[in-house]
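> Sharing a structure here in structure tokens format.
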Amino acid sequence: MKAISYRRYGGPEVLEYGEVPEPKVGPDQVLIRVRAAAVNPVDWKCREGYLAPLLNTVFPVVTGWDVSGVVVRPGASVVEYEEGDEVIGYVREDLLSLGTFAEYVAAPVRTIARKPAALSFEEAAGLPLTGLTAYQVLVQILKVKRGDTVLIHAAAGGVGSLGVQIAAHLGARVIGTASERNHAFVRSLGGEPVAYGEGLAERVRGIAPEGVDAVFDTVGGETLKVSAQLLAPGGRLASIADPDVTEYGGRYWFVRPDADDLAKLSQLADQGAVSVHVDKTFPLEQTADAQRLSQEGRTRGKIVVTVSRPEDD
Numbered sequence: 000m001k002a003i004s005y006r007r008y009g010g011p012e013v014l015e016y017g018e019v020p021e022p023k024v025g026p027d028q029v030l031i032r033v034r035a036a037a038v039n040p041v042d043w044k045c046r047e048g049y050l051a052p053l054l055n056t057v058f059p060v061v062t063g064w065d066v067s068g069v070v071v072r073p074g075a076s077v078v079e080y081e082e083g084d085e086v087i088g089y090v091r092e093d094l095l096s097l098g099t100f101a102e103y104v105a106a107p108v109r110t111i112a113r114k115p116a117a118l119s120f121e122e123a124a125g126l127p128l129t130g131l132t133a134y135q136v137l138v139q140i141l142k143v144k145r146g147d148t149v150l151i152h153a154a155a156g157g158v159g160s161l162g163v164q165i166a167a168h169l170g171a172r173v174i175g176t177a178s179e180r181n182h183a184f185v186r187s188l189g190g191e192p193v194a195y196g197e198g199l200a201e202r203v204r205g206i207a208p209e210g211v212d213a214v215f216d217t218v219g220g221e222t223l224k225v226s227a228q229l230l231a232p233g234g235r236l237a238s239i240a241d242p243d244v245t246e247y248g249g250r251y252w253f254v255r256p257d258a259d260d261l262a263k264l265s266q267l268a269d270q271g272a273v274s275v276h277v278d279k280t281f282p283l284e285q286t287a288d289a290q291r292l293s294q295e296g297r298t299r300g301k302i303v304v305t306v307s308r309p310e311d312d
């Protein structure tokens, strides 16, 4: 099968497009014909070796964790899915080896859910990692509830844009940091945009003078420090970008695969509560260009790589 892989750590130039062996299908896995795979910042961080202290690496590595596609063969122990089912997945295991930027991926059942009918394959591919990140932080860590005021950083990005929608669905008032060019986009998601950068604390206090009940940090560093100062008494703080959040009494979180959580996200998409904005698509062979664009950090919503077509199913 065709796939994007790398044989050593490095920049986008180490990515290779070519033939790799088709994955074996374990008893608790399904073989998915990949229709689309979303690009995430963690992809280039893995490629450059930043996650080497956390995850064993087996070269060559097929990159990618997000997928949407069609089941072509269930494993011997799988009763949940059958051939032809449309699915999405956050296909992360505890090593780097067989990823989703390929014509086929073998996905453990615990990492997948049924694809929302309301989303295209390209849109659906952008839901798992970012959606699970936002859902788990807002629901399980920050425990956002109706009437809360929530500050979400980088609100126009992949995680942030889904976070704004989920928090709004939970009944919260959502303040989202974004560049001026993305303010209308943040409003369309249900958030109140504020410009990030110098003077952020004053701008947030101007619209939430008593502080915010929860902060979802996706940036870290100075932004995290300022965020801690904006909390109302008893406020909650979580970060996916900076482990130093614990020094401010908050929680650091790394998203985990969870089929039940993913199914809930799929239901929210079918209910119209969340949508995925696809900023740009690339064919599989141009994945290096897609990762370069992701690494610039200026994307609105998601970057998606398309892999196969309906006639391939």
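Under numbering that gives the first Met the number 0, residues 0 to 312 are what the sequence shown spells out, in order. In this text, a Cβ means the ideal position worked out from N, Cα and C, and glycines have one as well.
Of the residues Gly220, Thr99, Gly88 and Arg255, which one's Cα is nearest the Cα of Glu21?
Thr99
> Going by beta-carbon coordinates alone, are Glu12 and Ala287 separated by less than 9 angstroms?
yes
> Beta carbon of Ala213, beta carbon of Ala177: below 9 angstroms?
no
> For the region 136-176, list the beta strand (DSSP E) runs that are entirely contained and at least 3 residues long, ordered along the chain.
148-151 and 172-176
> Is it right to say Ser293 is buried, meaning 16 or more other beta carbons lie within 10 angstroms of its own, or is it exposed?
buried
> Would you list, in sequence order, the uninterrupted beta strand (DSSP E) runs of no fewer than 3 residues that lie entirely inside the region 86-141?
103-107 and 111-113
> Within the continuous beta strand (DSSP E) that includes Pro282, where are the two ends?
Val277 to Pro282
> Let me know if Pro282 comes out buried or exposed under the rule of 16 or more other beta-carbons within 10 Å of its beta-carbon.
exposed
> Could you give the C-beta distance for Leu53 and Tyr89, rounded to a whole number, given that I count them as a contact under 8 angstroms?
About 16 angstroms; that fails the 8 angstroms criterion.
> Which ranges would you report for the alpha helix (DSSP H) in the region 11-97 if only whole runs of at least 4 residues count?
40-46
> According to DSSP, is Leu229 part of a helix, a strand, or is it coil?
Reduced to three states, the DSSP call for Leu229 is coil.
> Taking the C-alpha atoms as reference points, what is the distance between Val60 and Ile3?
8 angstroms
> Can you say whether Gly300 is buried or exposed, counting buried as having 16 or more other CB atoms within 10 angstroms of its CB?
Buried, since its Cβ has 16 or more Cβ neighbours within 10 Å.
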